[in-house]
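Residue 122 is where the sequence shown starts when you use our numbering, and the numbers rise one by one after that. Glycine is no exception: its CB is placed at the ideal position from the N, C-alpha and C atoms. Everything numeric in this text was worked out from a predicted model, so none of it was measured. Remarks on the structure that follows.
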Amino acid sequence: MKIVAKRPESLTSKDFHYCPGCTHGIIHRLVAETIDELGLRESAVGIAPVGCSVLAYEYFNLDMLQASHGRAPAVATGVKRVLPDCAVFTYQGDGDLAAIGLSEVVHAALRGENITIIFVNNAIYGMTGGQIAPTTLMGQVTTTSPGGREVGMSGNPIKVCEMLATQQGPAYLSRVSVHSPAHVRRAKKAIRKAFEMQMQKKGFSLVEILSTCPTNWGMDPLSSLDWLEEEMLPMYPLGEFRRPGG
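Here you go:
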């Protein structure tokens with residue numbers, strides 16, 4: 122029998138712990154495939170976050186470090202400056218990156234640190250019980266916004282790519298999604314581009330990936346894919362927000 126697909130070498134054989142319908146597993150695979158295709162596994166260093174993907178170091182078959190909550194960009198900066206030839210990336214959720222770690226990612230971008238950020242946006246705190254996050258949509262119900270998000274109480278959702286695009290430090294900023302096969306393919310291209318930017322020493326790159334959280338959204342997996350397309354895409358439009366030369 123001809124093998125047309127296999128587990129990437131940059132993933133371990135350990136089963137993911139994620140909830141049914143969560144797309145972290147898809148994103149893990151895209152990152153691992155990219156690292157394999159670019160021949161970076163022996164030089165790659167990943168920084169695991171605090172959040173649902175806190176156990177990323179058990180899934181990626183490469184050198185991994187664990188950072189304190191929100192501090193992955195700072196850790197990645199230190200690793201990259203000491204080991205400039207390594208492919209250094211962080212894998213962070215919206216609670217980790219856009220809340221407690223917002224200043225870390227902003228200043229890493231301002232400095233133009235030559236690292237790659239994989240930013241998973243599912244518009245909610247996943248691991249800790251479904252609380253409101255900086256990316257939670259207006260009117261979205263969470264355990265800490267049972268009546269829906271309101272501007273007067275929680276402010277507006279943050280748009281990380283748009284915010285960072287106003288600065289001169291980033292080399293590549295992109296927002297993609299993984300809610301359909303076509304979007305998964307586009308996400309893979311963006312992730313590859315981000316790693317290529319780093320290896321070409323272009324500077325800071327970030328790929329924001331819209332993801333589902335059926336458990337905390339209170340939906341079945343298929344409904345969560347529809348909700349992402351219908352509700353998240355209007356708020357978080359897909360596309361490239363910064364790339365070399367334009």
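When the options are compared against residue i, the one with the closest alpha-carbon
{"i": "Gln-321", "options": "His-304, Thr-249, Cys-207", "result": "Cys-207"}
{"i": "Gly-350", "options": "Thr-133, Thr-333, Ser-275", "result": "The amino acid at residue 350 is misidentified as Gly; the sequence shows Glu. Closest option to Glu-350, Cα to Cα, is Thr-333."}
{"i": "Asp-184", "options": "Glu-271, Ser-131, Tyr-293", "result": "Ser-131"}
{"i": "Ala-153", "options": "Cys-143, Gly-142, Ala-165", "result": "Ala-165"}
{"i": "Ile-279", "options": "Thr-265, Gly-250, Val-227", "result": "Val-227"}
{"i": "Leu-258", "options": "Tyr-246, Met-353, Asp-157", "result": "Met-353"}
{"i": "Ala-188", "options": "Lys-323, Trp-338, Glu-225", "result": "Glu-225"}
{"i": "Val-328", "options": "Val-299, Pro-335, Ala-177, Ile-124", "result": "Val-299"}
{"i": "Phe-181", "options": "Lys-314, Gly-172, Phe-240, Asp-157", "result": "Asp-157"}
{"i": "Ala-169", "options": "Gly-199, Pro-205, Ala-311, Phe-210", "result": "Phe-210"}
{"i": "Gly-172", "options": "Leu-161, Lys-309, Val-241, Pro-129", "result": "Val-241"}
{"i": "Gly-216", "options": "Asn-243, Leu-204, Arg-202", "result": "Asn-243"}
{"i": "Ile-238", "options": "Ser-344, Leu-223, Lys-135", "result": "Leu-223"}
{"i": "His-304", "options": "Gly-167, Ile-148, Pro-205, Pro-255", "result": "Ile-148"}
{"i": "Ala-177", "options": "Lys-127, Thr-155, Ser-344, Thr-133", "result": "Thr-133"}
{"i": "Leu-151", "options": "Cys-140, His-138, Lys-309", "result": "Lys-309"}
Whole-angstrom C-beta distance between residue j and residue i, which should lie under 8 Å
{"i": "Ala-230", "j": "Pro-291", "result": "5 Å"}
{"i": "Phe-325", "j": "Ile-236", "result": "7 Å"}
{"i": "Pro-342", "j": "Gly-142", "result": "3 Å"}
{"i": "Gln-261", "j": "Gly-269", "result": "6 Å"}
{"i": "Leu-218", "j": "Arg-296", "result": "Leu-218 to Arg-296, Cβ: 13 Å. No contact."}
{"i": "Ala-286", "j": "Arg-363", "result": "5 Å"}
{"i": "Met-248", "j": "Val-200", "result": "That belief does not hold up - the Cβ atoms of Met-248 and Val-200 are roughly 24 Å apart, past 8 Å."}
{"i": "Gly-146", "j": "Tyr-212", "result": "With a Cβ gap of about 12 Å, Gly-146 and Tyr-212 do not count as contacting."}
{"i": "Thr-198", "j": "Glu-234", "result": "5 Å"}
{"i": "Met-356", "j": "Trp-348", "result": "Not really, about 12 Å apart at Cβ, beyond 8 Å."}
{"i": "Thr-155", "j": "Ile-312", "result": "5 Å"}
{"i": "Ile-106", "j": "Gly-251", "result": "An answer regarding residue 106 cannot be provided, because it is not within the stretch 122 to 367 covered by the chain."}
DSSP-derived helix/strand/coil call for residue i
{"i": "Gln-289", "result": "coil"}
{"i": "Leu-331", "result": "strand"}
{"i": "Ile-168", "result": "strand"}
{"i": "Arg-192", "result": "coil"}
{"i": "Arg-202", "result": "helix"}
{"i": "Met-284", "result": "helix"}
{"i": "Arg-162", "result": "helix"}
{"i": "Leu-186", "result": "strand"}
{"i": "Ser-174", "result": "coil"}
{"i": "Ser-266", "result": "strand"}
Residue interval of the beta strand (DSSP E) (run including residue i)
{"i": "Val-209", "result": "208 to 214"}
Boundaries of the alpha helix (DSSP H) in which residue i is found, first to last residue
{"i": "Asp-217", "result": "No alpha helix (DSSP H) holds Asp-217; DSSP gives it neither H nor E."}
{"i": "Leu-151", "result": "145 to 158"}
{"i": "Met-274", "result": "272 to 275"}
{"i": "Ala-177", "result": "177 to 180"}
Quick check on the DSSP output: what are the complete beta strand (DSSP E) runs of length 3 or more inside the region 226 to 261, in order along the chain?
Fully enclosed beta strand (DSSP E) runs of no fewer than 3 residues occupy 237 to 242 of the region 226 to 261, in order along the chain.
Which ranges would you report for the alpha helix (DSSP H) in the region 289 to 361 if only whole runs of at least 4 residues count?
Fully enclosed alpha helix (DSSP H) runs of 4 or longer: 302 to 320, 335 to 338, 342 to 348.
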